[in-house]
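What follows is a short report on a single structure.
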Amino acid sequence: MYLWIATRVTGLALTFLVVGHFALTHFTTDVADTGSSFVTARWASGLWIAWDTLLLTAALIHAYAGLAIVIADHVSFPNRRYAQYALTAVMVAAWVIGASTIVSAGIL
Amino acid sequence: MAALTVVVLATATVGVVVARSASRSSATAAPTPRFLLRLARDPASRLDIPRWVYIGHRISGVAVAGFLLLHLVDVGLYAVSPAIYDDVHALYGSPMLRVFEVGLWGAIVFHTLNGLRLIVNDIAPNRWLNSTVAHAAVLGTTMVATVAGGAVILGPVLR
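Chains U and S are the protein sequences, given in the same order. First residue of the first sequence: 4, per the working numbering; consecutive thereafter. First residue of the second sequence: 797, per the working numbering; consecutive thereafter.
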């Protein structure tokens with residue numbers, strides 16, 4: 004139930020966060036011009052740090068909930084439990100990697 | 797002649813056994829009464845667009861999640877060293893990865909539009925949103941947005 008609601012709430016937020024992010028890095032800026040200087044300039048602004056933190060968190064919650072359903076539907080006992088553990092571990096690790104990137108490169 | 801009859805009969809028997817076990821054990825199109833009824837349906841309903849959209853939503857979700865994990869690693873390199881990040885990032889501008897980015901854009905648009913359709917339908921259940929036409933509209937809008945976005949992404953390479 005919580006995951007069901009989380010999927011929809013994050014999904015709605017990601018409509019703006021992901022599409023905005025993709026439009027910025029592929030449409031308004033050519034992808035070849037989004038090198039380290041682009042990242043440096045963008046993370047000089049607290050707004051973009053907040054955007055990317057929200058994007059990271061919402062996307063990983065959404066991915067976790069979606070992949071949990073995929074595992075429940077397609078992976079059978081006894082592998083299901085290991086798949087669920089692996090999913091949780093990968094998603095937590097991904098959040099730690101993303102958040103520490105933003106903190107160390109953007110904030111500090 | 798007798799030998800040929802034996803071979804033909806044996807082949808037919810094996811054929812029947814294989815066909816029967818295949819129709820029991822798999823979901824492929826065995827000529828069962830149900831399958832023949834399905835063939836008799838009109839082509840549009842046989843295509844079953846809502847079912848393909850359902851499958852596509854799942855596959856595009858897994859694909860985008862997979863790219864997200866990859867993307868976290870390559871952006872993570874920026875925190876390690878901006879120079880290493882730039883080396884890897886140069887790949888994103890290559891023609892091959894630009895084609896991949898068009899596919900990523902298509903997957904994002906499709907998953908977003910179909911997801912919004914599902915959310916609106918959850919909040920305010922609506923017959924039209926569950927119709928084949930609504931599913932086809934999601935696919936159509938996705939195609940238009942993918943072609944338009946693809947032209948922008950591939951522009952620098954095509955020019």
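From the three backbone atoms N, C-alpha and C, an ideal C-beta is built for every residue, glycine too.
Chain C within 8 Å of residue i, Cβ atoms only
i, result
"Thr938 (chain S)", "Considering every chain present, this structure includes no chain C. Its protein chains are U and S."
Between the CA atoms of residue j and residue i - distance to the nearest angstrom
i, j, result
"Ala89 (chain U)", "Tyr67 (chain U)", "11 Å"
"Ser819 (chain S)", "Leu805 (chain S)", "21 Å"
"Arg830 (chain S)", "Asn926 (chain S)", "24 Å"
"Arg834 (chain S)", "Ala808 (chain S)", "26 Å"
"Val876 (chain S)", "Gly109 (chain U)", "12 Å"
"Asp55 (chain U)", "Leu864 (chain S)", "13 Å"
"Thr908 (chain S)", "Ala941 (chain S)", "12 Å"
"Leu887 (chain S)", "Thr13 (chain U)", "30 Å"
"Val813 (chain S)", "Ala799 (chain S)", "21 Å"
"Asp838 (chain S)", "Thr928 (chain S)", "14 Å"
"Leu63 (chain U)", "Ala815 (chain S)", "45 Å"
Residue i, DSSP secondary structure in three states
i, result
"Ser841 (chain S)", "helix"
"Met94 (chain U)", "helix"
"Asn82 (chain U)", "helix"
"Ser39 (chain U)", "helix"
"Leu868 (chain S)", "helix"
"Val926 (chain S)", "Reading the sequence as shown, one finds Asn at residue 926 (chain S) and not Val. Three-state DSSP puts Asn926 (chain S) in a helix."
"Ser877 (chain S)", "coil"
"Ala818 (chain S)", "helix"
"Arg913 (chain S)", "helix"
"Asp33 (chain U)", "coil"
"Pro827 (chain S)", "coil"
"Pro921 (chain S)", "coil"
"Leu950 (chain S)", "helix"
Residue i burial status per 10 Å Cβ neighbour count (16 or more: buried)
i, result
"Trp901 (chain S)", "buried"
"Asn910 (chain S)", "buried"
"Phe906 (chain S)", "buried"
"Met94 (chain U)", "buried"
"Thr801 (chain S)", "exposed"
"Val860 (chain S)", "buried"
"Ala124 (chain U)", "Residue numbering for chain U in the displayed model covers 4 to 111; residue 124 (chain U) lies beyond these limits and cannot be assessed."
"Val99 (chain U)", "exposed"
Assumed close pair residue i, residue j - CB separation to whole angstroms, cut-off 8 Å
i, j, result
"Gly101 (chain U)", "Gly857 (chain S)", "About 19 Å; that fails the 8 Å criterion."
"Val934 (chain S)", "Arg913 (chain S)", "6 Å"
"Ala61 (chain U)", "Leu111 (chain U)", "Going by Cβ atoms, the distance from Ala61 (chain U) to Leu111 (chain U) rounds to 23 Å, so no, they are not a contact pair."
"Ala71 (chain U)", "Leu6 (chain U)", "7 Å"
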